[in-house]
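Accompanying notes for the structure given below.
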Amino acid sequence: MPQLTQTEVWFLDEVIKSNRLLISKLSAYTQMTSDPQLRQLCQDCLHTHQRHFSMLASQIR
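Each residue of the sequence shown is one higher than the last, beginning at 97 in this note's numbering.
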C-alpha cells in the first residue's frame, strides 16, 4: 500500500470523526424512536456507518 500524504491522513481523520459522530447520533436515535420502521432505518444506517468507520480506520493504522 502506498504511503499516505499528510493531507490524505488529515482528510481520513476528519471523515473518521464525522462517522464517529454519526454513529453516536444514530445510536441515540435508534433508542429514542418507538416506530419500528424508523428504528430499523436508523439501525441500518448505523451499521453502514460502523462498517465505513472500520474500513477508514484500518487505512491509517
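C-beta atoms are modelled at their ideal positions from N, C-alpha and C, and glycine is treated no differently.
Just how far apart, CA to CA, sit residue i and residue j?
i    : j    : result
L118 : Q155 : 19 Å
E125 : S150 : Here the sequence assigns Tyr to residue 125, which means Glu is not the residue at that position. For Y125 and S150, the distance between alpha carbons rounds to 21 Å.
L108 : P98  : 15 Å
Q127 : T103 : 37 Å
R135 : L100 : 38 Å
T129 : W106 : 35 Å
Looking only at its chain, what residues have a beta carbon closer than 6 Å to the beta carbon of residue i, apart from the 5 residues adjacent to it on each side?
i    : result
N115 : H145, H148, F149
Q139 : T126
With a CB to CB cut of under 7 Å and the five nearest residues on each side skipped, what residues in its chain are close to residue i?
i    : result
V111 : L152
Which one of the options has the shortest CA to CA distance from residue i?
i    : options                : result
C141 : S130, P132, D131, L122 : L122
So, is the C-beta of residue i closer than 7 Å to a C-beta in chain B?
i    : result
T144 : The structure shown contains no chain B; it holds only a single protein chain.
Considering just the uninterrupted stretch of the alpha helix (DSSP H) at residue i, what are its terminal residues?
i    : result
D131 : Unbroken run through D131: none, as it is neither H nor E.
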